[in-house]
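These notes concern the structure reproduced below.
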Amino acid sequence: MRYHPLTSDDRELMLSRIGVKSIDDLFVDVPNAHLVEGLMDLPKGKSEIAVERLLAKMAGKNRAAGEGPFFVGAGAYRHHVPASVDHLIQRSEFLTSYTPYQAEISQGTLQVLFEFQTQVARLTGMEVANASMYDGSTAAAEAVMMAARLTRRGKAIVAGGVHPQYRDVIETVAVGVDVEAMPADPTASEDVATKIDDSIACVVVQSPSFYGHILDLKPIAEACHKAGALLVACFTEVVALGAIEPPGAQGADIVVGEGQSLGNPLTFGGPYVGLFAGLKKHVRQMPGRLAGETVDADGKRGYTLTLNTREQHIRRDKATSNICTNSGLCSLAFTIHMTLLGETGLTRLARLNHAKAIKAADALARVPGVTVLNESFFNEFTIKVPGDAHTVIEKLAERDVLGGVPVSRLDEKAPGDLIVVAATELTTDDDIDAYASTLGDVL
Amino acid sequence: MTFTGNEALALSEPLIFETGRREVTGVDIEDAGLTEDRLGGQARKTPIDLPGLTEPETMRHYVRLSRQNYAIDMGLYPLGSCTMKHNPRLNEKMARLPGFGDIHPLQPLSTVPGALELMGELSRWLITMTGMKAVALSPKAGAQGELAGMMAIRAALRARGENRGTVLVPESAHGTNPATAAALGYRVESIKAREDGTVSVEAVREKLSDDVAAIMLTNPNTCGLFEPEVAAIAEAVHEAGAYFYGDGANFNAIVGKAKPGDLGVDAMHINLHKTFSTPHGGGGPGAGPVVLSERLAPFAPLPFLRDDGTLVERSDECDAGETPFGRLVAFHGQMGMYVRAMAYMLSHGADGLKQASEDAVLAANYIKAQLADVMSVSFPDRPAMHEVLFDERFLKGTGVTTLDFAKAMIDEGYHPMTMYFPLVVPGAMLIEPTESESLASLDLFIATLRDLAKGARDGDTARFTEAPRYAPRRRLDETRGARKPVLTYEASSDFKEAAE
Ligand SMILES: Cc1ncc(COP(=O)(O)O)c(C=O)c1O
Numbered sequence: 000m001r002y003h004p005l006t007s008d009d010r011e012l013m014l015s016r017i018g019v020k021s022i023d024d025l026f027v028d029v030p031n032a033h034l035v036e037g038l039m040d041l042p043k044g045k046s047e048i049a050v051e052r053l054l055a056k057m058a059g060k061n062r063a064a065g066e067g068p069f070f071v072g073a074g075a076y077r078h079h080v081p082a083s084v085d086h087l088i089q090r091s092e093f094l095t096s097y098t099p100y101q102a103e104i105s106q107g108t109l110q111v112l113f114e115f116q117t118q119v120a121r122l123t124g125m126e127v128a129n130a131s132m133y134d135g136s137t138a139a140a141e142a143v144m145m146a147a148r149l150t151r152r153g154k155a156i157v158a159g160g161v162h163p164q165y166r167d168v169i170e171t172v173a174v175g176v177d178v179e180a181m182p183a184d185p186t187a188s189e190d191v192a193t194k195i196d197d198s199i200a201c202v203v204v205q206s207p208s209f210y211g212h213i214l215d216l217k218p219i220a221e222a223c224h225k226a227g228a229l230l231v232a233c234f235t236e237v238v239a240l241g242a243i244e245p246p247g248a249q250g251a252d253i254v255v256g257e258g259q260s261l262g263n264p265l266t267f268g269g270p271y272v273g274l275f276a277g278l279k280k281h282v283r284q285m286p287g288r289l290a291g292e293t294v295d296a297d298g299k300r301g302y303t304l305t306l307n308t309r310e311q312h313i314r315r316d317k318a319t320s321n322i323c324t325n326s327g328l329c330s331l332a333f334t335i336h337m338t339l340l341g342e343t344g345l346t347r348l349a350r351l352n353h354a355k356a357i358k359a360a361d362a363l364a365r366v367p368g369v370t371v372l373n374e375s376f377f378n379e380f381t382i383k384v385p386g387d388a389h390t391v392i393e394k395l396a397e398r399d400v401l402g403g404v405p406v407s408r409l410d411e412k413a414p415g416d417l418i419v420v421a422a423t424e425l426t427t428d429d430d431i432d433a434y435a436s437t438l439g440d441v442l
Numbered sequence: 000m001t002f003t004g005n006e007a008l009a010l011s012e013p014l015i016f017e018t019g020r021r022e023v024t025g026v027d028i029e030d031a032g033l034t035e036d037r038l039g040g041q042a043r044k045t046p047i048d049l050p051g052l053t054e055p056e057t058m059r060h061y062v063r064l065s066r067q068n069y070a071i072d073m074g075l076y077p078l079g080s081c082t083m084k085h086n087p088r089l090n091e092k093m094a095r096l097p098g099f100g101d102i103h104p105l106q107p108l109s110t111v112p113g114a115l116e117l118m119g120e121l122s123r124w125l126i127t128m129t130g131m132k133a134v135a136l137s138p139k140a141g142a143q144g145e146l147a148g149m150m151a152i153r154a155a156l157r158a159r160g161e162n163r164g165t166v167l168v169p170e171s172a173h174g175t176n177p178a179t180a181a182a183l184g185y186r187v188e189s190i191k192a193r194e195d196g197t198v199s200v201e202a203v204r205e206k207l208s209d210d211v212a213a214i215m216l217t218n219p220n221t222c223g224l225f226e227p228e229v230a231a232i233a234e235a236v237h238e239a240g241a242y243f244y245g246d247g248a249n250f251n252a253i254v255g256k257a258k259p260g261d262l263g264v265d266a267m268h269i270n271l272h273k274t275f276s277t278p279h280g281g282g283g284p285g286a287g288p289v290v291l292s293e294r295l296a297p298f299a300p301l302p303f304l305r306d307d308g309t310l311v312e313r314s315d316e317c318d319a320g321e322t323p324f325g326r327l328v329a330f331h332g333q334m335g336m337y338v339r340a341m342a343y344m345l346s347h348g349a350d351g352l353k354q355a356s357e358d359a360v361l362a363a364n365y366i367k368a369q370l371a372d373v374m375s376v377s378f379p380d381r382p383a384m385h386e387v388l389f390d391e392r393f394l395k396g397t398g399v400t401t402l403d404f405a406k407a408m409i410d411e412g413y414h415p416m417t418m419y420f421p422l423v424v425p426g427a428m429l430i431e432p433t434e435s436e437s438l439a440s441l442d443l444f445i446a447t448l449r450d451l452a453k454g455a456r457d458g459d460t461a462r463f464t465e466a467p468r469y470a471p472r473r474r475l476d477e478t479r480g481a482r483k484p485v486l487t488y489e490a491s492s493d494f495k496e497a498a499e
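Here is the structure:
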């Protein structure tokens, strides 16, 4: 086996030095009746060539996003990732290291995390950010639990514009919090502020919403704060923050979102990177790891994981979260891509995304029978089609156009004739023309 | 002291916030030609204050930073419980095939049959290796797998009309176990280990009652021992109407040797980033699929894969008998990790996986045998599994602590072992060499630790208390970090004030 350096002679020698006869003498604690003789039903090992062939065949059965017109978003976005990002994250020193518990020989990872935290805090307009969560949805659930701890209240409202699967994750994971999910809000017409009273720990609002609408968070923040509740602001498309006011500037107390768009490929939904930002005064209730600046014994600046007493490995059943392994390498990819862009690049990228989406929205609005529901949007919007959205999407796929996500795929209670459509800098004018004309054909 | 402060290849590197500028970018982006926005009056007015670097500057910055990390590709990384084994690069290549890397979780399922096939194949391997009934793939790491398994247990109890409030956790357990139980609102009741580092069925029986929902037991345990009474414990737990959650972080010791399903486990997470070698990436990402017994299978979270290969995404798509407890993540889980783990399994095959377990156990026992006379093996009477636990007794009277000893290993070119975990012995040192080391590598490691142990005994205390001396940083002041945390870069940070 090409990955196993020990030879049979080595094994014999080692066994004799240990003072046992056979390897099974080391497995004596496994009750005899339970020792298995290998894994009968599984094949033998394969060469690198054979594995490559087998997996390439499987991969070949999938329609890759880059193979044709592609307008799928709804929480994951196809962006261009500069080649240098993927090269850097495959450096052995980043890829094959563990969590930076031994700070003296993990300064690379720790400084990256410190840069990541700073970038996320500035992007969201918040004071601090952690070193990542699994993804946007689990970050949202952790935010709700953190708000419940901070306010000592047991109720949360999830607005109707929040990604339906984020809502489902909050309902499942935020144990002990009574979650009131508002009905689907495809037209951004709900008034969540009127629902808030002094029993509420937090309101979760998404902007741009699942349906693409950009919300003014200020009135909601005001209503929250008047009632002693917290505003949890959420987003699924981080590139939007290059174009719109940050949630922090609008009064959000906790900001969570998905960071996949920067540096990370689609990969069928994971691994992604959950962003989690908040206020300094709440930091001791934050979940997850935090890197902090300090000095070493020679007075040199350095970084270390800090405020560990919040975490499971120290506090066990009193920890703020059970998270341990997070999204380390994905946050590295995020940070490198963000560093390459800088504020200038991010702003340009955001404008380009917005421009492509406007083009796409206008083209689709001209298709007879199709209505665009949004007045405001960033790179994603919702269309209403005559008939069943699933059928329309399937018919489009048969003609090699991946036209978006039927809302009812994620939320069975939502109207069945809505499709969420996304465009990014990778969307071409030809893609848009192809989508509009094919949609006309299939309707 | 050099003029630059650098020493040849030891290069220091400032923060991007000190070198980058807002107007610089390393990505050329065409002009959007946007005349009027449709941002609903919410266009950004406040600056973000994010610096940019060009591509050459970016490369240099992150390459320089990378060189301040230790890594498996550089040397032996004996972190017990964490399983730092070789990460084959084929797996990286496979995960980047456009058919896996460039597919969207919400494109029509009819356009991704190969992705579902891979998930089905991975499920089959995991189920076969563990002898369980079903698997929920979606948990994003071990800790989330624990949450999945414990939620399935809670749902099964509720389906029986029971609402139990206690979870039993041995004191040697990883912190995520009690944290998970507590997150679900359970009272955590600790179980003491025996003198020999294992849990006895009597100790479990004593704590069992009709309020106990489950036991969370790691096997092999965190002392590196196979629990000899595991089957009897499972039986006792089941008799009391409770469930057996197995923490599978140490599954890598027994793949192809024993099946948790045969031992009475009801739910167990598998850290793909440990046993199946998906890279740890400096802290993540991982994946924590949880295998389930027949009794728990109906409660698997959404989305789940049926035996016929269909993916169920919503509760209203469920057939009778499919009663998911909810959803733990958006989309379908860690596909990128599934591909890597699958490539690892296919490469090894049934024979190679068994060999990997045996070599890992062999290497740990070899280290134990070769160090037993100079370091204190915590539990010498039983064979170790894939890792061996030492404690601080051999350092008594030397003025050297476990921490000092670990830091001296850094100067010798090694990553330290896991320290101060598990909590059942004083000054724990948990060594896991994995199957990836050659005999020469193991022998040098052993010789180094012998020399260190001798140094401590001979009173060469400074070699330890001053360590590390040759790392990119000396010991860091963690108290200062925690007292006045500086978590983001601010021009007037604490550091700058102190330096001025
Ligand atoms: C014994 C044990 N249980 C659980 C975990 C948690 O797994 P993860 O870090 O993947 O969440 C770990 C590893 O960190 C572990 O060593």
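Which chain is which? The protein sequence lines are A and B, in order. If you're matching positions, the first sequence starts at 0 in numbering that gives the first Met the number 0 and goes up one per residue. If you're matching positions, the second sequence starts at 0 in numbering that gives the first Met the number 0 and goes up one per residue. Just so it is clear, CB atoms sit at the ideal spot from N, CA and C, and this is done for glycine as well.
Beta-carbon separation (whole angstroms), residue i vs residue j, contact threshold 8 Å
{"i": "B/Gly-255", "j": "A/Leu-38", "result": "5 Å"}
{"i": "A/Tyr-133", "j": "B/Val-328", "result": "7 Å"}
{"i": "B/Thr-45", "j": "A/Pro-218", "result": "In fact, because the Cβ distance is near 19 Å, the residues do not count as touching under 8 Å."}
{"i": "A/Leu-278", "j": "A/Asp-252", "result": "6 Å"}
Endpoints, beta strand (DSSP E) assigned at residue i
{"i": "B/His-331", "result": "Here B/His-331 belongs to no beta strand (DSSP E), and DSSP marks it neither H nor E."}
{"i": "B/Met-215", "result": "211-217"}
{"i": "A/Val-254", "result": "253-257"}
{"i": "B/His-268", "result": "266-268"}
{"i": "A/Lys-383", "result": "379-383"}
Residue i classed as buried or exposed, judged by whether at least 16 other C-beta atoms fall within 10 angstroms
{"i": "A/Gln-110", "result": "buried"}
{"i": "B/Gly-40", "result": "exposed"}
{"i": "B/Ala-94", "result": "buried"}
{"i": "B/Arg-392", "result": "exposed"}
{"i": "B/Met-374", "result": "buried"}
{"i": "B/Leu-8", "result": "exposed"}
Ligand 1 heavy atom lying under 7 Å from the CB of residue i
{"i": "B/Asn-270", "result": "yes"}
{"i": "B/His-173", "result": "yes"}
{"i": "A/Cys-474", "result": "A question about residue 474 of chain A goes unanswered here, because the residues of chain A that appear run from 0 up to 442."}
{"i": "A/Thr-324", "result": "yes"}
{"i": "B/Cys-81", "result": "yes"}
{"i": "A/Thr-123", "result": "no"}
{"i": "A/Asp-134", "result": "no"}
{"i": "B/Thr-217", "result": "yes"}
{"i": "B/Thr-221", "result": "yes"}
{"i": "B/Gly-285", "result": "yes"}
Cα-Cα separation, residue i to residue j
{"i": "A/His-3", "j": "B/Lys-84", "result": "10 Å"}
{"i": "A/Ala-413", "j": "B/Gly-282", "result": "38 Å"}
{"i": "A/Ala-318", "j": "A/Gly-153", "result": "18 Å"}
{"i": "B/Ser-109", "j": "A/Ala-433", "result": "20 Å"}
{"i": "A/Gly-298", "j": "A/Met-125", "result": "30 Å"}
{"i": "B/Val-360", "j": "A/Thr-426", "result": "52 Å"}
{"i": "A/Lys-56", "j": "B/Pro-300", "result": "29 Å"}
{"i": "A/Arg-166", "j": "A/Gln-205", "result": "11 Å"}
{"i": "A/Val-444", "j": "A/Val-191", "result": "Any answer about residue 444 of chain A is impossible in this case: the structure gives chain A only from 0 up to 442."}
{"i": "B/Leu-115", "j": "B/Leu-136", "result": "12 Å"}
{"i": "A/Leu-328", "j": "A/Thr-346", "result": "24 Å"}
{"i": "B/Lys-353", "j": "B/Ala-340", "result": "16 Å"}
Unbroken alpha helix (DSSP H) run spanning residue i, endpoints
{"i": "B/Arg-462", "result": "461-464"}
{"i": "A/Phe-93", "result": "91-94"}
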